[in-house]
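Mapping of the sequence shown onto the working numbering: residues 127 to 431, in sequence order.
Okay, so here's the structure we're looking at.
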Amino acid sequence: MTRHFLALHDYTKDELDALLSLAAELKGKQKAGIPHRLLEGKSVALIFEKASTRTRVSFEVGVFQLGGHGLFMSSGTSQMGRGEPIKDSARVMSRYCDGVMIRTFGQEIVDEFAKYSDVPVINGLTDLFHPCQIMADLQTVIERKGSYQSLRFAWVGDGNNMANTWIEAAVILGFDLALACPEGYQPDATVMQWANSKAPGRITLSNDPRQAVKDADVINTDVWASMGQESEQKEREKAFAGYCLDDALLALARPDSVVLHCLPAHRGEEISDSVIEGPNSAVWDEAENRLHVQKAIMVTLMGTV
Ligand code: CP
Ligand code: NVA
């Protein structure tokens, strides 16, 4: 059966740990200039229905470093943007390609694509989840802290695709996660229900950023208006007042805490310039690790490792 990477909840702790360890191995090889052309002769379609810098470049470069060919496709310049059914696109693409990555809106779109695809499909961000990003974030935490085990994680900001994916990671991998989200901007209710039934007490949710960040080892935030929500920017700025990860908030965390942000960042909104540029920030390593962890995901799913 074809295995996809659509949401972390499809994976066990052991499987995610194996991906993270392969990501570290591939990073070592890439840094040492050791060839690892595990996708020689393979093609991977990269479909974007939303904007991207990191996801596009890290997937394209990653496939290239693995000896394969990455094809960039946008909805505006393909028949998908003109209404060709997802299930038709999925069957056609699987006749040409060995793997597909999609960035789109609803999670049901990637689910539908995967249902009809004979080749592995990777979620490159939906409104609900951003699993590749959280894998890169975990790789970064392991690099900085040795392990994610026994650490206190905090989320400050919108209960968005990143927050939902962190919740899944916390439940599957077994670490505590405290989220602070304003009223009306909480994480997905189904994801929260799933988390509370699988691991009662693991996830705490409040609307107090100071409480969430207190003694945290890892602090994560993200933009207040995600892609597709641009028209809500002004009202969100009001709702998220007091949610800026600045020096005062960071001072409540452990002194050696790791600050993560998936980028792009809006300095002065969800994070201050001093924090993103400061000594606790790991955001550039985090962005780099997209490359390594996605290479691990691709070769694992395509069975070429
Ligand atoms: N973090 C992330 O997914 O960045 P892009 O939107 O630039 O791909
Ligand atoms: N939550 C953001 C993440 C961007 C990488 C968005 O969906 O736009």
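Heads up, the beta-carbon is just placed ideally off N, CA and C, and yes, glycines get one too.
Distances from the CA of Gly272 to each of Asp343, Glu238, Ala325, Ile212 were compared; the closest alpha carbon is that of Asp343. Of the candidates Asn415, Met424, Gly429, Leu386, Met424 places its Cα closest to the Cα of Gly196.
In the DSSP assignment, Val409 falls outside any beta strand (DSSP E) and within the unbroken alpha helix (DSSP H) covering 409-427. The C-beta separation of Asp334 from Ala377 comes to about 16 Å, leaving the pair out of contact by the 8 Å criterion. Restricting attention to Ala171, Leu132, Leu277, Val189, the CA atom closest to the CA of Gln233 is found in Leu132. For the 8 Å CB-CB criterion, Ser201 and Glu175 form a contact. Here the region 378-393 does not lie against the region 304-324, with fewer than 3 beta-carbon pairs under 8 Å apart. Just so you know, the alpha carbons of Cys388 and Asp263 end up roughly 8 Å apart. Counting only unbroken stretches of 4 or more residues, the alpha helix (DSSP H) elements lying wholly within the region 305-331 are 315-324, in sequence order. For the pair Thr347 and Asn249, the Cα-to-Cα distance works out to about 20 Å.
DSSP, read as helix, strand or coil, puts Arg278 in strand. Taking all protein chains in view, the Cβ of Arg229 is crowded by 16 or more other Cβ atoms within 10 Å, so the residue is classified as buried. The Cβ atoms of Leu134 and Ile298 lie closer than 8 Å to each other.
Boundaries of the alpha helix (DSSP H) harbouring Phe239: 233-242, taken from the DSSP string. Judged by DSSP in its simplified three-state form, His195 adopts strand.
The three-state reading of DSSP puts Arg180 in helix, counting H, G and I together. DSSP, reduced to helix, strand and coil, places Leu152 within a helical segment of the structure shown.
Looking from the CA of Arg163, the closest CA among Leu192, Gly404, Ala289, Leu303 belongs to Leu192.
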